[in-house]
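Each residue of the sequence shown is one higher than the one before, starting from 855 at the first, in our numbering. Cβ coordinates follow ideal geometry from the N, Cα and C atoms, glycine included.
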Amino acid sequence: MRIEHFLAANAAAQPAKTALITGHKRLSYEELDYLSSRLAAALFLNGVRRNDRVVVFMDNCWEIAVSIYAVLKAGATFIPVNPSTKADKLACILADCDASAILTQAKLMPVVAEACG
855 MRIEHFLAAN AAAQPAKTAL ITGHKRLSYE ELDYLSSRLA AALFLNGVRR
905 NDRVVVFMDN CWEIAVSIYA VLKAGATFIP VNPSTKADKL ACILADCDAS
955 AILTQAKLMP VVAEACG
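Okay, structure coming up:
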């Protein structure tokens, strides 16, 4: 069974149980499943397809868990990239893995813009 299927099973069996705690944020299995499903749908609407590669370029936060599950639900492969990566290195990673999309945080957008520019 794939990991995203375990999330769906836990969301169905124990929806209110805490799945994730980061700092001040808590997500239940139901919330994590719902948020990742919404993001997976958005990825699909933006052209991400099965077996595509999606770069996840974020700090360690609750959004990274949502992003990873979303990419898996979309049938794609996630490529985690350390958020301290500089733009020139990120550009090489994006080109090398032929990424279809990148998921990031607002504060990292300048690095992404430079890497894609």
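Could you give the distance in angstroms between the alpha-carbon of residue i and the alpha-carbon of residue j?
{"i": "LYS961", "j": "ASP913", "result": "10 Å"}
{"i": "ASN864", "j": "SER891", "result": "14 Å"}
{"i": "ILE944", "j": "LEU926", "result": "In the sequence under discussion, the amino acid at residue 944 is Leu, which differs from the Ile named in the question. Their backbone Cα atoms lie some 22 Å apart in a straight line."}
{"i": "GLY877", "j": "ALA928", "result": "28 Å"}
{"i": "ILE875", "j": "GLU917", "result": "11 Å"}
Report yes if the CB atom of residue i is closer than 9 Å to the CB atom of residue j, and no otherwise.
{"i": "PHE911", "j": "VAL965", "result": "yes"}
{"i": "SER921", "j": "LEU948", "result": "no"}
{"i": "LEU986", "j": "ALA919", "result": "This structure cannot speak to residue 986, because the chain is shown only from 855 to 971."}
{"i": "CYS915", "j": "GLN868", "result": "no"}
{"i": "ALA953", "j": "VAL909", "result": "yes"}
{"i": "TYR883", "j": "THR872", "result": "yes"}
Taking its Cβ as the centre, do 16 or more other Cβ atoms sit within 10 Å of residue i, making it buried, or is it exposed?
{"i": "GLU968", "result": "exposed"}
{"i": "LEU861", "result": "buried"}
Based on DSSP bridge pairs, tell me the residues matched to residue i.
{"i": "PHE911", "result": "VAL935 and THR958"}
{"i": "ILE857", "result": "DSSP lists no partner for ILE857."}
{"i": "SER882", "result": "THR872"}
From what residue to what residue does the alpha helix (DSSP H) around residue i run?
{"i": "LYS943", "result": "941-951"}
{"i": "VAL797", "result": "The question about residue 797 has no answer here: the residues shown for the chain are numbered 855 through 971."}
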